[in-house]
Every structure is written in C-alpha cells, then in structure tokens.
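Down below is the structure, laid out as structure tokens.
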C-alpha cells in the first residue's frame with residue numbers, strides 16, 4: 014500500500030505542478046485580493062493563495078494589508094512545500110520589519126521550515142533513521158529557533174520552539190555518534206576520539222553523552238593512550254554505569270580489532286609475514302610520510318648539501334651534532350633558536 018500511496022502523491026504533485034500558474038484578476042481591489050487569499054488559505058489552496066498574496070503586495074505596497082500579506086506569504090510557501098521560498102520570504106520580512114509586533118512569527122516559521130525540510134515524501138511513509146541523514150537543515154532549524162527564544166523569550170511560539178530544540182539537539186548528537194562509529198570501523202581512531210569528545214563537550218544532557226564517552230574509551234585503547242582511556246572509562250562508569258558497553262563492570266568494544274595482516278599472512282596462518290607488525294601508536298600512513306620525506310632528502314643534489322671547511326659533504330648526523338654543539342650567537346639565544 015505504501016508504494017501505491019507514493020505513486021498517487023507523485024501523480025498529484027505532477028498535476029499540481031502543471032496547473033500551478035494562477036491568473037489573478039487585475040481589477041480586484043486590495044480588500045478583495047486579501048479576502049480571496051484568505052479563502053484559498055482556508056481551503057488549503059496554497060498555490061492560489063501565494064499568487065494572490067504576491068499580487069496584493071506588488072499592487073498595493075503601501076496598503077493596509079501589505080505587511081500582513083508578506084507575513085502570510087511565508088505561511089503559504091511553507092504549507093505549499095516550498096522551503097526556500099518560505100525562508101526567503103521570512104528573511105525579507107525580518108529585514109523590512111524588525112520592529113513589527115508579529116516578527117516573532119516570521120522567526121518561528123523560518124525555523125519550522127528548516128525543521129520540516131528533511132522530512133520528505135520517503136521519510137513520511139518509510140521508517141528512515143533521521144539521525145543518519147545530513148543534519149544541515151536540522152542545524153539551521155536549531156539556530157533559527159535559538160534566535161527566536163533568545164530575542165523573544167516571552168513569545169507565544171517560544172515554548173514550542175524550545176521543545177523542538179531539545180529534539181534537534183538529541184538528533185545532532187546522535188548523528189555525531191554515527192559518524193564516530195563509522196570512523197571506528199575505518200580504523201580512524203583519532204577522528205573517532207575527536208567526535209566523541211565533541212559530543213561530550215557540546216551536547217551535555219543528551220542521551221548520546223554516554224555513547225561519546227564509550228567512543229573515546231575505545232579510540233584511546235586502540236591508540237594505546239592508556240591514561241586517557243582509563244580516565245574516560247572511569248567517567249563512563251561513574252555517570253553511566255548501565256551503558257551497553259559496560260558488561261559486568263568491564264568495557265566491551267563495539268568494533269572488533271581489525272586484522273591488518275596481508276592475505277599471504279592470513280593464508281599461511283602467520284607463518285609468512287609480508288611486513289613486520291607496526292609498533293603501538295604507529296600507522297602505515299605515518300611510515301609512508303616518513304619514507305617520502307627521506308626519499309626527498311636523498312634526492313637533494315650534492316651541490317646543495319652543506320659542506321665543511323675542506324669542501325666535504327657533511328653527513329646528517331655530523332651536521333646535527335655541529336648544530337647542537339657549536340657556539341650560538343647572542344641573537345640565537347635571544348630568539349630561542351627560531352632564526353638559526
């Protein structure tokens with residue numbers, strides 16, 4: 014049945030798009046335009062209402078209904094599933110009427126438009142996890158609701174905005190945890206630890222703080238940063254003793270440690286190792302960078318290498334020893350060797 018519903022909605026959307034051009038009578042007065050627009054809004058004819066409100070604003074820019082038409086145009090675009098037009102209309106109203114008694118409504122509709130922007134047709138009919146989707150619109154909505162509650166704390170729309178902000182904050186925190194889990198599976202432990210710490214520092218009082226601490230513990234253990242791992246683990250045990258990662262008081266990683274051996278090593282059960290195991294905290298990428306640096310240094314022509322008094326090339330160890338043991342000038346001491 015869901016597929017039939019989606020097909021029906023798609024057909025209706027195409028039909029509405031083909032007949033979206035609304036012809037507005039040029040002989041209508043300001044009052045008649047406003048009344049017809051109100052009738053269209055009551056009948057959920059948002060395309061027709063949008064056309065009449067735009068005509069009202071353009072024909073009577075200084076009329077008694079001009080400001081109200083601009084305000085209701087935001088609502089008509091929002092209900093007509095045109096988020097960009099709705100936010101543009103809201104920003105225009107806020108810019109032109111910053112002292113209007115109903116400007117808080119424009120802020121509220123702007124945040125509400127971003128709040129519903131990610132909830133498309135598929136999300137309405139399919140069980141999609143919104144915490145795994147791009148949080149751009151959710152972040153915009155949170156910031157816009159924050160502007161409303163900070164500038165107009167006594168607004169009639171502030172209580173609803175605050176409740177939506179709680180939901181959005183939890184959603185953004187959950188998204189960061191999903192990204193951290195992805196980094197764990199890709200063995201990007203530094204990035205995972207940074208994401209976990211970001212959740213702990215910026216999303217306090219959300220359900221994802223415990224997950225952020227668990228990510229930090231696991232990442233630090235993989236990086237062999239024992240002191241940081243132990244500190245994070247103690248914090249996790251103290252504040253979230255029932256966290257799923259704690260089994261009988263012991264930490265259980267969510268991702269098994271990856272087997273980085275080559276296929277030859279796996280096939281021979283480790284009898285033939287293609288490369289020696291990495292030391293703790295070392296990565297293949299770090300070794301590649303060091304090798305590239307050494308290769309570039311070896312490629313320096315002899316004419317450009319430092320020489321001693323006899324004209325012989327100074328080896329790297331000898332050059333470093335002379336640099337450390339030679340007499341330094343007073344300028345070198347004053348600048349802590351920065352200009353040596």
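Numbering (the working numbering), first residue to last: 14 to 353.
Just so it is clear, CB atoms sit at the ideal spot from N, CA and C, and this is done for glycine as well.
In this structure, the CA atom of residue 151 is about 6 Å from the CA atom of residue 128. Burial check for residue 235: the Cβ neighbour count within 10 Å reaches 16 or more, so the residue is buried. Within the model, the alpha-carbon separation for residue 190 versus residue 220 is close to 11 Å. In summary, residue 71 is exposed, with fewer than 16 beta-carbon neighbours lying within 10 Å of its beta-carbon over all protein chains present. Contact annotation: residue 121 and residue 92 have beta-carbon atoms that are not nearer than 8 Å.
For residue 155 and residue 53, the gap between their C-alpha atoms comes out near 31 Å.
For residue 107, the enclosing alpha helix (DSSP H) stretches over residues 96-109.
Under the three-state reduction of DSSP, residue 264 is assigned to strand. Between the alpha carbons of residue 168 and residue 162 lies a distance of about 8 Å. Measuring C-alpha to C-alpha distances from residue 153 to each of 123, 197, 116 and 194 identifies 123 as the nearest.
Distance from the Cα of residue 315 is smallest, within the candidate group 325, 111 and 106, for 325. Using a 10 angstroms sphere on the CB of residue 224, the tally of other CB atoms reaches 16 or more, which defines it as buried. In the three-state reduction of the DSSP assignment, residue 125 falls in the helix class, which pools H, G and I. Contact annotation, residue 232 with residue 202: C-beta distance approximately 4 Å; criterion of less than 8 Å satisfied.
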